[in-house]
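**Student:** Numbering (this note's numbering), first residue to last: 32 to 266.
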Ligand code: SF4
Ligand code: SF4
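1) What did DSSP end up calling residue 99 once you bin it into helix, strand or coil?
2) With 8 angstroms set as the bound, which would you pick, yes or no: does the beta-carbon of residue 187 sit closer than that to a beta-carbon of chain D?
3) Specify, as a first and last residue, the run of the beta strand (DSSP E) that residue 186 falls within.
4) For residue 84, which three-state DSSP category applies?
5) Ligand 2 heavy atoms versus the CB of residue 233: any closer than 7 angstroms?
6) For residue 188 and residue 218, I'd like the C-alpha separation in whole angstroms.
7) Indicate whether residue 148 and residue 83 have their beta-carbon atoms separated by less than 8 angstroms.
8) Hey, how far is the Cα of residue 55 from the Cα of residue 171?
9) Hey, would you say the C-beta of residue 247 is under 7 angstroms away from at least one heavy atom of ligand 1?
10) Take the Cβ of residue 100 as the centre, count every other Cβ of all protein chains shown within 10 Å, and call the residue buried at 16 or more, exposed below.
11) Excluding the 5 residues preceding and the 5 following residue 200 in the sequence, name in chain order all residues of the same chain whose CB lies nearer than 7 angstroms to its CB.
12) Quick check on this structure: which residue in 98, 76 and 89 has the alpha carbon closest to the alpha carbon of residue 122?
13) Compare the beta carbon distance of residue 95 and residue 69 with 8 angstroms and say whether it is the shorter of the two.
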């Protein structure tokens, strides 16, 4: 129903599946039927995605968003025709950019795993309402996205500080944390979507979750060493 429903994930999935171009048609800006104005979300997502495409090495012209009313059939056919011609000129995805198919797929998949992280990091900008086209071009910059994707953070539980309170495990949205009662908790880095919830919810008196950037994540504690032996209270 709404262009705002077209998620960054949908677009990257389309490219991962080999689509040569993605076109999104939305209602005119400021003419939303609801209070949501989702077309601004679609616009921001496209501006962000184009820079991500540049980061990967893809031509950002392969992604287009246009705004029109449902009564503008002629306009719709014109913009779709123009976009189809442009995509044909660009040629098959990856070939024109001289990126091997396997390499391209793995680059897109790497970014797809980071979508929740990207959305959290760029949350404020993604909520913007850009009123004029002059603002569109420089809204997200290539340098900004290169930095964002080049300095991705990771979360790690410090085994010396974890008190096995289990709060982070319960709150993790993707069940990336293993551990139980009296067991040091461990984050599965492959499953983690870097939402930062564990960092936020670990009680300050424990402060066991570290945010790491620019250095490797320490290896997980071996399973046989995860039991926490608590000192019994002495009178
Ligand atoms: S950052 Fe923490 S809470 Fe978020 S997915 Fe990773 S392990 Fe789970
Ligand atoms: S919230 Fe902190 S102390 Fe509690 S289990 Fe998670 S890392 Fe350990």
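Backbone N, C-alpha and C define an ideal beta-carbon position, used for all residues, glycine too. The model shown is predicted, which means the values in this text are computed figures rather than measured ones.
**Tutor:** Let's see:
1) coil
2) This model lacks chain D altogether; it includes just one protein chain.
3) 185–188
4) helix
5) yes
6) 7 angstroms
7) no
8) 19 angstroms
9) no
10) exposed
11) 208, 210 and 216
12) 89
13) no
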